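In our numbering, the protein residues as written are -16 to 599.
Every residue gets a Cβ at the ideal spot worked out from N, C-alpha and C, and that includes glycine.
Since the model is a prediction, treat every value here as computed from it, not as a measurement.
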Amino acid sequence: MSSGLSTSGTAPTSETASQGRSPRRKTSHLKEVPDTLELRESLRARCSDIAARIDRSAPMTKDEMEQVARRALEEADLPEAYLGWMMVMISSEFWKDSLAAVPPERRLFLLPHCLKHAEGCPAEYDQFGMNCKECGACSIADFRGLAEDMGYRVLVAEGSPVVMKIIVGGYVDAVVGVACLNVLEKAIDKVLLAGIPCMAVPLLSSDCRNTKVDESWVNEMIRTPYKPAQSVTRSYVHLMRAASDLFKPEAIDTLAPRIRTQGELGENAVSVSDIEGMDAISATEHIAYDFLSRGGKHSRPFISLAAYDAMTGGQATGPEAKAAIADFPISVRRAAMSIETFHKASLVHDDIEDDDAFRYGQPAVHRRFGIPTAINVGDYLIGLGYRLLSRNENDVPSEARVDVLDSLAAAHMRLAEGQGSELLWRDGKDRRLTPLDALKVYALKTSPAFEAALLSGVRMAGDATPYREAIRTFSRNMGVAFQILNDLGDWIGDDSNKMSAGGDVFGGRPTLLWALALQGLPEKGASRLLELAASDCGLSDVDRLSQVRKLYEQANVFEIALKLVDKHQARAEKVADEIDVEELRRLLYFLVDTVLERPELPAPSVVTIGVTAPLG
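In structure tokens:
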């Protein structure tokens, strides 16, 4: 890898850059905060010295931070329990100079809810977090006032997803924040690895109620003076923004001009009333473009753009990122857009097949316009995806576009095969499923998206033949690991899509968790599991879910599933280790670190499940 662990101040050699990763260890339990201010001050100074000697050409990975933090604790003869805290401190010191190069008005200050006094707090909440009132009862108002006076944008909320959304949206370029170590550990994988300058002060406890923080540290962090300088650390932020920008109305109209309509693509999803009075032939285009322009992480077009950049020198992750991206050929942009267009088409059809009620926080297309119209909109988006690739531009050889078209068509067909097998299983009478069968479905449904996105970017840059097999193997293992984690996430729920905990079980979807439970339970337990999934079970959804979870735990399903994630992740990393192009290797590592995020699995507290397909 090339992120640089040198503590002697020298950059890593090409030899060390190509080495594989160290074995992954769990660190989630190592989150003890040093108990005295004196010790914390001493360790912070040590972290500053360490960070000053680390190569800054690329962001540190979580694994690299762990290695450095462990070494520092061993040298100081301090317990391993401080590891999480040390990692945050080292990361903050690593990014300190980069953050100083960002003017305060382009910084985000993030505060946690739990700094407030729980009793009698007058603050109200909205979609952006807590609307703090300056009552003087806690330190939030003081910190917030100081930050706002300096020009910061301030957010009182938890978690990295909202922060990433704000950053990718182009509103800020750096983050300073206060959070517990549990939240900061997740932020390390998401925000820091993207190359976003970020500093944080950990809370002194993680009990989420009337907690405290080293206030002088927070004040010092907020007051970090602005020192204009060119960033030297590589970042994927500009490529993320470029991928998101592809789906702004003005970009859509440039890359995929509408033929029949010029209607405004607003914040709210188009409704039946919006198309009343519209020419009937034009309505399909309007609905399709509206759906294309909203929601989603745009991860597939990002991968495509990043792969193209990696194979053409990696300039879009360096200091001249904006200029490099502006020079991307229009064919490359259209190819990246086409991948998302195909994905959006599959979502419309998938929502119909599963009768999902919401998509991107809005009623699903078929819930607004009916199933026939939704099917037609999905078909239109497929056609639009192929149209984007067929446009004859001279900026990329025509044979490259044909190869990309072929790879996307193959991915589309494999996706349909995987979805078809899932539907046949769901609608069949036999609810039994082997883990191998489930993994085959995952490889067909999820892996092709990663493969098509990577291959498209690489092929647009030149000959993809030397990398085709490696990309296929990497994508297969990434896709399977991602889908397993997605299954595990079902037990947490998905607020953005209003998914319900246990929805896969009662929706009749063939998951690895289900297959592992049937395999691992004695016959009596397996029979009971099948009874609980039947539509005529007779128990409430809450009771059914509780019993299913107990059976899953009895079969050790969650632990086995996470071990399988580790296995497939290791295989993906092994492929990345052997990639000879440094920038492409770095991209593959980045995808592993950011896509394969392990979930926490609390017991669901609220369940609302509607069975929409016969289960037995």
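When the alpha-carbon of Ser254 is set against those of Val146, Ile205 and Asp273, the nearest one is in Asp273. When Gly490, Gln537 and Lys14 are compared, the shortest CA-CA separation from Met69 is found for Lys14. Of the residues assessed, Gln245 falls on the exposed side of the cut-off, its CB having fewer than 16 other CB atoms within 10 angstroms. Apart from sequence neighbours up to five positions away, the residues of its chain that approach Trp200 with a beta-carbon distance below 6 Å are Val184, ordered along the chain. For the options Ala392, Leu22 and Ser439, the alpha carbon positioned closest to that of Ile365 is the one of Ala392. Bridge partners of Phe92 according to DSSP: Val137 and Val159. When DSSP states are grouped into helix, strand and coil, Phe341 belongs to the strand group. Of the residues Pro302, Pro355, Pro211 and Val360, the one whose Cα lies closest to the Cα of His269 is Val360. For Met182, the beta-bridge partners assigned by DSSP are Val159.
When rounded, the separation of the alpha-carbon atoms in Gln502 and Val385 is 44 Å. For Glu203, the enclosing alpha helix (DSSP H) starts and ends at Glu198 to Ile205.
In the DSSP assignment, Pro431 falls within the alpha helix (DSSP H) that extends over Ser430 to Ala444. When rounded, the separation of the alpha-carbon atoms in Glu536 and Ala421 is 19 Å.
The shortest CA-to-CA distance from Gly403 to any of Ile149, Ile33 and Asp333 is the one to Asp333. Note on Asn460: 16 or more other CB atoms within 10 angstroms of its CB, so buried under the neighbour-count rule.
Per the C-alpha coordinates, the member of Glu303, Ala347, Pro87 and Leu468 positioned closest to Tyr209 is Pro87. 7 Å or more divides the Cβ of Arg532 from the Cβ of Leu515. Taking Glu49 as reference, the option from Ile73, Ala517, Ala28 and Phe573 with the minimal CA-CA separation is Ile73. As a beta-bridge residue in DSSP terms, Pro346 pairs with Phe341. Counting C-beta pairs closer than 8 Å gives fewer than three between the region 299 to 306 and the region 575 to 582, which falls short of the contact rule.
Note on Arg36: under 16 other CB atoms within 10 angstroms of its CB, so exposed under the neighbour-count rule. For the region 452 to 520, the full-length alpha helix (DSSP H) segments reaching 4 residues or more read 486 to 489, 495 to 503 and 506 to 516 along the chain. Judged by DSSP in its simplified three-state form, Asp38 adopts coil rather than helix or strand. The three-state secondary structure of Phe352, taken from DSSP, is helix.
Secondary structure of Met294 (DSSP, three-state): helix. One thing to note: Val146 has its Cβ within 7 Å of the Cβ of Val174.
Closest in C-alpha terms to Ala432, from the list Ser321, Arg241 and Leu372, comes Ser321.
From the listed residues Met294, Val387 and Phe352, the smallest Cα separation to Glu259 is found for Phe352.
When the beta-carbon positions are compared, Leu513 and Arg409 stay at least 7 Å from each other. Its Cα nearest to that of Phe541, the residue Trp497 stands out among Ile264, Arg568, Lys195 and Trp497.
Shortest Cα-Cα distance from Leu407 to any of Leu419, Pro418, His395 and Val424 involves Val424. In this structure, the alpha-carbon of Arg217 lies about 22 Å from that of Gly160. Judged by DSSP secondary structure, Val531 falls within the alpha helix (DSSP H) whose first and last residues are Asp524 to Gln537. Annotation for Ser439: Ser287, Ala318 and Val387 place their beta carbon closer than 6 Å to its own, counting only its chain and skipping 5 residues before and after. One thing to note: Leu571 has its Cβ within 7 Å of the Cβ of Ala559.
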